[in-house]
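Numbering (our numbering), first residue to last: 17 to 153.
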């Protein structure tokens, strides 16, 4: 996770490519953040999907992904990219079902190895695979 400042700034500058889910009290329950790639304007890069642990298993992540998929497709964007660690079965299943239900191609390729990330006091960051989905419909 990132600092609260980063998320507030992100929602301000990338509101058109961000989805925030709140419950009936207004409490934050999930979000999807992403952006249109500057060097590839027909591609949306989904940076983060997060769901409150109490709301997992209710298809909230999928509903947010569908919402952002519809929104970016209306803007002429035809591809979605994201990175996922090899052991994140839930995210892999989320993207696979999204691609299947949109009749889009899905591919996985290695993007970042552990060595790409700086060493720190915490465990090294896992490798990240790039998922590409498209064309979006």
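We put the CB at the ideal spot given by N, CA and C, even for glycine.
Per DSSP, residue i is paired with what?
{"i": "residue 24", "result": "DSSP, once it has assigned bridges, lists no residue as partnering residue 24."}
{"i": "residue 90", "result": "According to DSSP, residue 90 bridges with nothing at all."}
{"i": "residue 49", "result": "64"}
{"i": "residue 99", "result": "146"}
Cβ atoms of residue j and residue i: under 9 Å apart, would you say?
{"i": "residue 61", "j": "residue 96", "result": "yes"}
{"i": "residue 127", "j": "residue 145", "result": "yes"}
{"i": "residue 45", "j": "residue 25", "result": "no"}
{"i": "residue 87", "j": "residue 37", "result": "no"}
{"i": "residue 149", "j": "residue 109", "result": "no"}
{"i": "residue 58", "j": "residue 92", "result": "yes"}
{"i": "residue 49", "j": "residue 21", "result": "no"}
Leaving aside the five residues before and after residue i along the sequence, list all residues of the same chain whose C-beta is less than 8 Å from its C-beta, in chain order.
{"i": "residue 51", "result": "30, 33, 60, 61 and 63"}
{"i": "residue 99", "result": "127, 128, 144, 145, 146 and 147"}
{"i": "residue 153", "result": "89, 118, 119 and 120"}
Return the CA-CA distance between residue i and residue j, expressed in angstroms with no decimal places.
{"i": "residue 27", "j": "residue 119", "result": "30 Å"}
{"i": "residue 107", "j": "residue 83", "result": "16 Å"}
{"i": "residue 72", "j": "residue 81", "result": "14 Å"}
{"i": "residue 18", "j": "residue 56", "result": "25 Å"}
{"i": "residue 151", "j": "residue 41", "result": "37 Å"}
{"i": "residue 130", "j": "residue 104", "result": "15 Å"}
{"i": "residue 53", "j": "residue 101", "result": "21 Å"}
Grab the span of the beta strand (DSSP E) containing residue i for me, first residue to last.
{"i": "residue 150", "result": "144-150"}
{"i": "residue 123", "result": "121-128"}
{"i": "residue 37", "result": "35-38"}
Leaving out the 5 sequence neighbours to the left and right, which residues in its chain are closer than 6 Å to residue i when beta-carbon positions are compared?
{"i": "residue 133", "result": "141"}
{"i": "residue 67", "result": "46, 76 and 77"}
{"i": "residue 124", "result": "145 and 147"}
Going by the C-beta, is residue i closer than 8 Å to any heavy atom of the ligand SAM?
{"i": "residue 117", "result": "Looking for the ligand SAM in the displayed structure turns up nothing, as the structure carries no ligands at all."}
Between which two residues does the alpha helix (DSSP H) containing residue i stretch?
{"i": "residue 105", "result": "105-117"}
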